[in-house]
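Under UniProt numbering, think of the first position of the sequence shown as 1, with each following residue one higher.
Just below is one structure, and these are the notes that go with it.
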Amino acid sequence: NKCLNLLTSNGSYKLRVELVTTNGNMYYAEYHTFAVGDAASLYVLNVHSYSGNA
Numbered sequence: 001n002k003c004l005n006l007l008t009s010n011g012s013y014k015l016r017v018e019l020v021t022t023n024g025n026m027y028y029a030e031y032h033t034f035a036v037g038d039a040a041s042l043y044v045l046n047v048h049s050y051s052g053n054a
């Protein structure tokens with residue numbers, strides 16, 4: 001969590017998660033704003049602006 005906080009605290013980042021089912025169907029979820037808070041916030045996950053088909 002600390003590493004993700006350090007990485008995302010100094011810029012603007014997107015998060016994309018890709019999923020493939022056992023029968024080959026593909027899905028994704030993309031968040032156009034992604035950040036992880038610091039220890040004081042208990043490393044809260046912040047994601048906004050979803051797009052995708054998952």
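Here a beta-carbon is modelled for each residue, glycine too, at the ideal position from N, C-alpha and C.
Here the structure is a predicted model, which means the values were calculated and not measured.
Beta-carbon contacts of residue i that lie in its chain and below 8 Å, excluding the five residues immediately before and after
| i | result |
| --- | --- |
| A54 | V17, L19, Y27, Y28, A29 |
Within 9 Å, strictly: CB atoms of residue i and residue j
| i | j | result |
| --- | --- | --- |
| Y13 | A35 | yes |
Host alpha helix (DSSP H) of residue i (start-end)
| i | result |
| --- | --- |
| T8 | 2 to 8 |
Beta-carbon contacts of residue i that lie in its chain and below 7 Å, excluding the five residues immediately before and after
| i | result |
| --- | --- |
| N10 | none |
| Y31 | K14, L15, V47, H48, S49, Y50 |
| T8 | F34, A35, V36 |
Near the ligand MN: residue i beta-carbon under 8 Å from a heavy atom
| i | result |
| --- | --- |
| L42 | The ligand MN is not part of the structure shown, which contains no ligands of any sort. |
Residue i in three-state terms, based on DSSP
| i | result |
| --- | --- |
| S41 | helix |
| F13 | Correcting the residue type first, residue 13 is Tyr in the shown sequence and not Phe. Coil at Y13, not helix or strand. |
| N46 | strand |
Cβ-Cβ separation, residue j to residue i (assumed contact under 8 Å), whole Å
| i | j | result |
| --- | --- | --- |
| N5 | G37 | 6 Å |
Span of the beta strand (DSSP E) around residue i
| i | result |
| --- | --- |
| T33 | 26 to 36 |
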